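Heads up: the structure comes next, in structure tokens.
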Amino acid sequence: MSVNEEEEVSYIDYDTFLDPDFKPSAFANTLVLATNNPTDTPLDLSTPLSKVLFDAQEIDSHIHLLTTRSAVPILTHTKEQTDASKRIISEIDNQVKGLNESYKQLEKEVIQKHAEADEVRLVASRLWETLKLGRSVGRCLQLGRQLEVQHAEISSGTGSSKKEDHRALVRCAHTILSLREITERRGPGEEGQGLEKVEAIRSLQKYVVGPIEQSIKATSKRIILEFSVIDSASGTSTFAQSEEAKTRTISAAVTLYLISPTIGAKPDKWTPQLLVTALEGYLQKALESSVASLAHSLAIYPTLSDTLTKVSKQCQDIVALEIILDATKAPSHPLLPAQKHAPEKNNLLQPLLTYLETGSLASYFWRSMAGSLAPEVREIVNRGRVSARTLKTNRNAVGEAIRECVARGSQPPSTIATTKGRGAKGEWDREAAVMVGSVLNNLGR
Numbered sequence: 063m064s065v066n067e068e069e070e071v072s073y074i075d076y077d078t079f080l081d082p083d084f085k086p087s088a089f090a091n092t093l094v095l096a097t098n099n100p101t102d103t104p105l106d107l108s109t110p111l112s113k114v115l116f117d118a119q120e121i122d123s124h125i126h127l128l129t130t131r132s133a134v135p136i137l138t139h140t141k142e143q144t145d146a147s148k149r150i151i152s153e154i155d156n157q158v159k160g161l162n163e164s165y166k167q168l169e170k171e172v173i174q175k176h177a178e179a180d181e182v183r184l185v186a187s188r189l190w191e192t193l194k195l196g197r198s199v200g201r202c203l204q205l206g207r208q209l210e211v212q213h214a215e216i217s218s219g220t221g222s223s224k225k226e227d228h229r230a231l232v233r234c235a236h237t238i239l240s241l242r243e244i245t246e247r248r249g250p251g252e253e254g255q256g257l258e259k260v261e262a263i264r265s266l267q268k269y270v271v272g273p274i275e276q277s278i279k280a281t282s283k284r285i286i287l288e289f290s291v292i293d294s295a296s297g298t299s300t301f302a303q304s305e306e307a308k309t310r311t312i313s314a315a316v317t318l319y320l321i322s323p324t325i326g327a328k329p330d331k332w333t334p335q336l337l338v339t340a341l342e343g344y345l346q347k348a349l350e351s352s353v354a355s356l357a358h359s360l361a362i363y364p365t366l367s368d369t370l371t372k373v374s375k376q377c378q379d380i381v382a383l384e385i386i387l388d389a390t391k392a393p394s395h396p397l398l399p400a401q402k403h404a405p406e407k408n409n410l411l412q413p414l415l416t417y418l419e420t421g422s423l424a425s426y427f428w429r430s431m432a433g434s435l436a437p438e439v440r441e442i443v444n445r446g447r448v449s450a451r452t453l454k455t456n457r458n459a460v461g462e463a464i465r466e467c468v469a470r471g472s473q474p475p476s477t478i479a480t481t482k483g484r485g486a487k488g489e490w491d492r493e494a495a496v497m498v499g500s501v502l503n504n505l506g507r
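Going by the working numbering, the first residue of the sequence shown is number 63, and it counts up by one from there.
This is the structure we're talking about:
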């Protein structure tokens, strides 16, 4: 029998063991059933076990036979694979050495030079930031010096020849806005970034800009509080005097409008707070003095006529101020973005009317006075002296005098140009009725 025939002769069913669905438990069960009846008790397991052991020994013998006969080819193949691996490793080592040398060359020519270039870039970047900061500091110091000169121009001359240049207030306001435009924009890449850390800028803000801003704010408020186009002594004023009062007031109002705070405010909701506060202070001052003097005159009836004349002149000043503010267009604010749709009445009067919730300063004056006057009249009546009896006796004359006072006070002064038809007599009937009612309705019978 040949070797090939011995290899082929085998009673082991290799196909069964090589089947992908082969299960040891099912195969063992088949062997047990082949050597035993299902009803046998106990089962004879020695026979199937012997078969399994014999099959395993047969397979072991077959493996031993195959390895013995094929030892030389296996060793030869293994040696060939080992030699080929060594050659591959040798070639790879040469390639790795070449790569390492190339990397070192690249590191020397690229990476080290890149690191040096990055240091140069960092130095250049910091120099550029320093240059920008230096330019911003220089510009701020230049504007600070300009502000000092402009502030000195407000009060030029000495002694009796000292004269106030109110136009310098507006120039100062624009310079302050230029400074704010730099210092308040501190975001990355903006002109004011890092300025708060510079000692010179902190000193400039503390000793120059801050005091001058407070000074022009106080001067502008004083000019508005002193506004009058009617001479208190003569009761009239010249056209030149009225024009001077008008231009001074416009300069003061524009100044307060410009330097009003803008940080955090939306353009459509921003209000020139400093201007509104100053104008409201002017109205309150006029109201307080008028209510006090009129209440005093109601208690001393012979002085009522002169007091009503003064009150009407006070209201004429308010009417003149309203006309001036209404005719003065609000300046463009550099710190506020331009609105796509500008308001219909873009003047200096509209913010005040919106704040006071009124349509006219004269109407606000008379109605506010009427509200403050009613308690004063009740107090006079409650005291029950001669003054109360006199008022009751002359109630018709008092009512007519107050009505005439409202009509006269609501007319603009002759030296102030106004629109046609403004201040017509019938326009103030309601205000006159409110004023008359605040007095006569509290007199009783």
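No residue lacks a Cβ here, since even glycine has one placed at the ideal position from N, Cα and C. Since the structure is predicted, the reported quantities are computational estimates derived from the model, not experimental observations.
Endpoints, alpha helix (DSSP H) assigned at residue i
i, result
"E142", "A133 to L168"
"Y73", "Neither: Y73 is in no alpha helix (DSSP H) and is coded neither H nor E."
"D62", "Nothing about residue 62 can be reported from this structure: the residues present for the chain run from 63 to 507 only."
"L370", "L366 to A389"
"I244", "R229 to T245"
"F301", "F301 to I321"
"P413", "Q412 to L418"
"S282", "G272 to L287"
"Y344", "Q335 to A361"
"G433", "L423 to R445"
"H395", "No alpha helix (DSSP H) contains H395, which DSSP labels as neither H nor E."
"I292", "Premise fails: I292 is in no alpha helix (DSSP H) and is neither H nor E."
"N458", "R457 to G471"
"G249", "Neither: G249 is in no alpha helix (DSSP H) and is coded neither H nor E."
Within 9 Å, strictly: CB atoms of residue i and residue j
i, j, result
"L410", "L337", "yes"
"I39", "L209", "Any property of residue 39 remains undetermined from this structure, which presents the chain solely from 63 to 507."
"V439", "L453", "yes"
"S500", "G446", "no"
"P474", "A382", "yes"
"S472", "E489", "yes"
"T245", "G251", "no"
"K283", "I386", "no"
"L93", "P104", "no"
Cutoff 8 Å; reference residue i; Cβ partners in own chain excluding five residues on either side
i, result
"S367", "A463"
"F84", "T78"
"E384", "L411, S422, L423 and A424"
"V353", "M431, S434, L435 and E438"
"Q335", "S322 and P323"
Cutoff 6 Å; reference residue i; Cβ partners in own chain excluding five residues on either side
i, result
"S422", "none"
"I285", "R310 and A314"
"Y344", "I286 and L287"
"T333", "P413"
"D388", "N409 and L411"
Spatial distance of residue i from residue j (CA atoms)
i, j, result
"V448", "L360", "11 Å"
"Q267", "V498", "53 Å"
"E322", "H358", "The residue you asked about is not Glu; residue 322 is Ser in the sequence shown. Roughly 38 Å between the two C-alpha positions."
"A179", "L189", "15 Å"
"L193", "V316", "36 Å"
"L502", "R457", "7 Å"
"K175", "A186", "16 Å"
"P82", "T138", "33 Å"
"P393", "R233", "13 Å"
"E169", "N162", "10 Å"
"T324", "T339", "15 Å"
"Q204", "F427", "45 Å"
"R451", "Y363", "10 Å"
"I151", "D122", "37 Å"
"N99", "K113", "17 Å"
"H213", "E305", "23 Å"
"T140", "H126", "18 Å"
Closest by C-alpha distance to residue i, when choosing among the options
i, options, result
"A424", "G499, E493, T390 and L435", "E493"
"F89", "R470, S123, N456 and T78", "T78"
"A235", "V211, K225 and L257", "V211"
"Q119", "P86, I74 and A146", "I74"
"S516", "P396, G326, S374 and L341", "Nothing can be reported for residue 516: it is not among the residues displayed for the chain, which extend from 63 to 507."
"S198", "V158, V182 and R247", "R247"
"K347", "L318, I325, F116 and I380", "I380"
"R465", "Q143, T455, V496 and A450", "V496"
"T365", "V460, L341 and W428", "V460"
"L257", "C202, F289 and E350", "C202"
"L241", "S265, E215, V271 and G249", "V271"
"P396", "E243, G160, K166 and L184", "E243"
"S265", "Q157, G206 and E181", "G206"
CB contact below 9 Å: residue i versus chain B
i, result
"N99", "Reference to chain B is not applicable here, since this structure consists of a single protein chain."
Neighbourhood of residue i by C-beta distance below 7 Å, restricted to the same chain and skipping five residues each side
i, result
"N504", "A436, V439, R440 and V443"
"K372", "S355"
"L415", "G421"
"F289", "A307, T311, Y344, D379 and L383"
"G483", "The pLDDT assigned to G483 is 47, lower than 50, so where the model puts this residue is not dependable; a value taken from the coordinates is nonetheless given after this. Result list for G483: empty, nothing under 7 Å."
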